[in-house]
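So the structure is just underneath, and the comments pick up after that.
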Amino acid sequence: MSVETQKETLGFQTEVKQLLHLMIHSLYSNKEIFLRELISNASDAADKLRFESLAKPELLESDTELKIRLSFDKDANTVTLEDNGIGMSRDDVIAHLGTIAKSGTADFLKNLSGDQRKDSHLIGQFGVGFYSAFIVADQVDVYTRRAGLAAGEGVHWSSKGEGNFDVASIDKPERGTRIVLHLKKGEEEFADGWRLRNIIKKYSDHIALPIELPKEHHGEEEKDQSAEPEWETVNRASALWTRPRTDVSDDEYREFYKHTAHDFEDPLTWSHNKVEGKLEYTSLLYVPARAPFDLYHREAPKGLKLYVQRVFIMDQAEQFLPLYLRFIKGVVDSNDLSLNVSREILQKDPVIDSMRSALTKRVLDMLEKLAKNEPEQYKGFWKNFGQVLKEGPAEDFANREKIASLLRFSSTHDASGEQSVGLADYIGRMKEGQDKLYFLTGDSFAQVKNSPHLEVFRKKGIEVLLLTDRIDEWLMSYLSEFDGKHFVDVTRGDLDLGQLDTEEDKKAQEEVAKTREGLVERLKNVLEEQVAEVRVSHRLTDSPAILAIGEQDLGMQMRQILEASGQKVPDSKPIFEINPQHPLIEKLDAEPDEDRFADLSRILFDQAALAAGDTLKDPASYVQRLNKLLIELSA
């Protein structure tokens, strides 16, 4: 054992203490995951060394064969995992094993469900996998040296998983990290070659570097215990995506996904593809079953793992897919890129543009296939990722029609309010003579399904898409048509139902409008400060009045989004439409007292604003006018 110098005892960060307490006392239903996490970390350390050694070959020293070695000592009740990857410096050790600079621990603790098996699988996702060692060990010793540092700059970290840890400097001739787990009483099962092999085959068979265990000898082959062990590789040790699809089982694909995405659930689907010709690359893309905690942080790390000629280059290479597909996980391995490629080079390389275009189409095809063949699974996908996919038409003009076919909405066809209606479904149910796709946006399904704007559509049996996500009005500003048919917002402009209105309907509307010309002028005089126009409506059957929006004006959703972000919203006034045949409108037309007429007009205008989901500019005045009217009626 090396002489220890510069020894100091440091306290764990508060969140790490909470995490350690959880590991030691709660997550005991699936203990074997500790090995999956430690092997995954060792694999990452090897990937980092490969990448750094491209620029600095001397980091490999004389040890170029990267590997992970796992051994055990039944007598001492220990398990030792050793890698010859990048290793850690003293500062690295304190930063990574004593504190967590990013919010990983806090987010992990916040996402716990109380289900031990699920919670234990969350560990890797939040970057806290090392601490899983304390599920089975009452003391953990780490011996490490960062590649490129002198042998005398090795570090020994030790902790019993309580409030603090020790850090000391040691001599460590070989780079990399050795972790010794002193198993708790009752955890002796893990100091066993057969048990360790099974765990490796179960969780880590896809790891692309050798995982070695001491070769087992039986009977006459019994080996001299004092001699150096013979090592044998127990995993496949080949990159899974480089193997032919026919050689990879579904279970292997699923385990590889869990490793690469740090997810505990199986993916919904995946696509493994090798491209040869002008470009040569392999991709393995996955659609997760659930959304990560940071899905809506557009600045959060995302992207595919990038390999060049099987050499790991970087995590989260976001240049290969557009932002609206940021939930896709997987790897891309290119033969056309340089080994010293950087993020800056990726942004300018025309090869990347070609790959990005092809990979985007592949993902959209994968989603299209899922929607067609597994509609129930696609429902789950839509619930988790639908709002992100809605960013697509604005970001990806070339694939706008394809993205639109994947969108799902509520509609008047389904009273449940489920977002399950595709645009192809809607077109399949269109009325004879209908050539437009009608939609209505609002804050909630309850609000839009009872909107007065739908009255004429119900009367004529025309289906209307009901859009209630905050992003929807913005989405529709980029989605003007689908399958050659234009979208029409039923709240905008002067509603034109085209061939759905007969000549008799149009003639009757014109005649009725003439009878209310005087009323329209009186209303304009009263409401001129509040409205852009007053006109007779053809949208209403049951309600007395409604507010419509000018063709070029912002809708309510967009106004709210802009106001919430502190942006100045352009001034605009609504169009006030009246139902000429409604009893209240008839009474209003017959009202001789101009003051009373003004009060009633303003009450109707405010009610129309409320029905549209708007907030009143002067609610106190509305209440006073309504109370005055109620007193008159009860007198």
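Position one of the sequence shown corresponds to residue 1 (the UniProt record's numbering), numbered consecutively onward.
Positions of the beta carbon are idealized from the N, C-alpha and C atoms, including for glycine.
Keep in mind that this is a model prediction, so the values were computed, not measured.
Limits of the alpha helix (DSSP H) - the one that residue i falls within
{"i": "Glu455", "result": "Glu455 to Lys460"}
{"i": "Arg596", "result": "Glu594 to Ala611"}
{"i": "Gly386", "result": "Pro375 to Leu389"}
{"i": "Val448", "result": "Phe445 to Lys449"}
{"i": "Arg254", "result": "Asp250 to Ala261"}
{"i": "Arg343", "result": "Arg343 to Lys348"}
Beta strand (DSSP E) segment containing residue i, residue limits
{"i": "Glu32", "result": "Neither: Glu32 is in no beta strand (DSSP E) and is coded neither H nor E."}
{"i": "Arg145", "result": "Ala137 to Arg145"}
{"i": "Lys202", "result": "Premise fails: Lys202 lies in the alpha helix (DSSP H), Gly193 to Tyr203, not in any beta strand (DSSP E)."}
{"i": "Phe312", "result": "Val311 to Ala317"}
{"i": "Val234", "result": "Looking at the DSSP string, Val234 is not in any beta strand (DSSP E), and its letter there is neither H nor E."}
{"i": "Leu306", "result": "Leu304 to Val308"}
For residue i, the three-state DSSP class (helix, strand or coil)
{"i": "Glu586", "result": "helix"}
{"i": "Pro619", "result": "helix"}
{"i": "Asp336", "result": "coil"}
{"i": "Tyr426", "result": "helix"}
{"i": "Val520", "result": "helix"}
{"i": "Glu65", "result": "coil"}
{"i": "Met88", "result": "coil"}
{"i": "Tyr478", "result": "coil"}
{"i": "Glu228", "result": "coil"}
{"i": "Ala398", "result": "helix"}
{"i": "Leu633", "result": "helix"}
{"i": "Pro214", "result": "strand"}
{"i": "Ala55", "result": "helix"}
{"i": "Ala415", "result": "coil"}
{"i": "Leu466", "result": "strand"}
{"i": "Ile328", "result": "coil"}
{"i": "Phe134", "result": "helix"}
{"i": "Asp73", "result": "strand"}
{"i": "Ala101", "result": "With a pLDDT of only 41 at Ala101, under the threshold of 50, the placement of this residue in the model should not be trusted; the figure read from the coordinates follows. The answer is coil: DSSP assigns Ala101 none of H, G, I, E or B."}
{"i": "Lys568", "result": "coil"}
{"i": "Leu295", "result": "coil"}
{"i": "Glu8", "result": "strand"}
{"i": "Arg492", "result": "strand"}
{"i": "Phe320", "result": "helix"}
{"i": "Lys274", "result": "strand"}
{"i": "Ser40", "result": "helix"}
{"i": "Thr541", "result": "coil"}
{"i": "Gly124", "result": "Residue confidence is low: Gly124 scores 46 on pLDDT, short of 50, so the model does not pin down where it sits. No coordinate-derived value is stated."}
Rounded distance between the beta-carbons of residue j and residue i, thought under 8 Å
{"i": "Asp472", "j": "Thr441", "result": "5 Å"}
{"i": "Ser169", "j": "Glu4", "result": "7 Å"}
{"i": "Lys485", "j": "Leu437", "result": "5 Å"}
{"i": "Ala548", "j": "Ile575", "result": "4 Å"}
{"i": "Leu495", "j": "Phe605", "result": "Not quite, the Cβ-Cβ distance comes to about 19 Å (not below 8 Å), so this is no contact."}
{"i": "Ala513", "j": "Pro570", "result": "No, Ala513 and Pro570 are not in contact; Cβ-Cβ is about 30 Å, not under 8 Å."}
{"i": "Pro214", "j": "Glu230", "result": "7 Å"}
Beta-carbon proximity check, residue i vs residue j, cutoff 8 Å
{"i": "Val234", "j": "Ile199", "result": "no"}
{"i": "Asn41", "j": "His182", "result": "no"}
{"i": "Gly176", "j": "Gly87", "result": "yes"}
{"i": "Asp47", "j": "Phe312", "result": "yes"}
{"i": "Tyr324", "j": "Val388", "result": "yes"}
{"i": "Lys449", "j": "Leu466", "result": "yes"}
{"i": "Arg290", "j": "Asn384", "result": "yes"}
{"i": "Leu523", "j": "Ser601", "result": "yes"}
{"i": "Ala151", "j": "Lys185", "result": "no"}
{"i": "Leu10", "j": "Val180", "result": "no"}
{"i": "Leu367", "j": "Leu321", "result": "no"}
{"i": "Asp270", "j": "Tyr257", "result": "According to the sequence provided, residue 270 is Trp. The question's Asp does not apply to it. A contact, by the Cβ cut-off of 8 Å."}
{"i": "Leu20", "j": "Tyr131", "result": "yes"}
{"i": "Phe457", "j": "Thr515", "result": "no"}
{"i": "Arg146", "j": "Asp75", "result": "no"}
Paired residues, beta bridge with residue i - DSSP
{"i": "Gly154", "result": "Ile170"}
{"i": "His486", "result": "Lys436 and Glu481"}
{"i": "Glu577", "result": "Arg535 and Ile546"}
{"i": "Ile179", "result": "Leu81 and Val142"}
{"i": "Thr269", "result": "Val287"}
{"i": "Asn164", "result": "Gly11"}
{"i": "Phe409", "result": "Val421"}
{"i": "residue 643", "result": "Any answer about residue 643 is impossible in this case: the structure gives the chain only from 1 up to 635."}
{"i": "Ser159", "result": "Val140"}
{"i": "Thr441", "result": "Leu467"}
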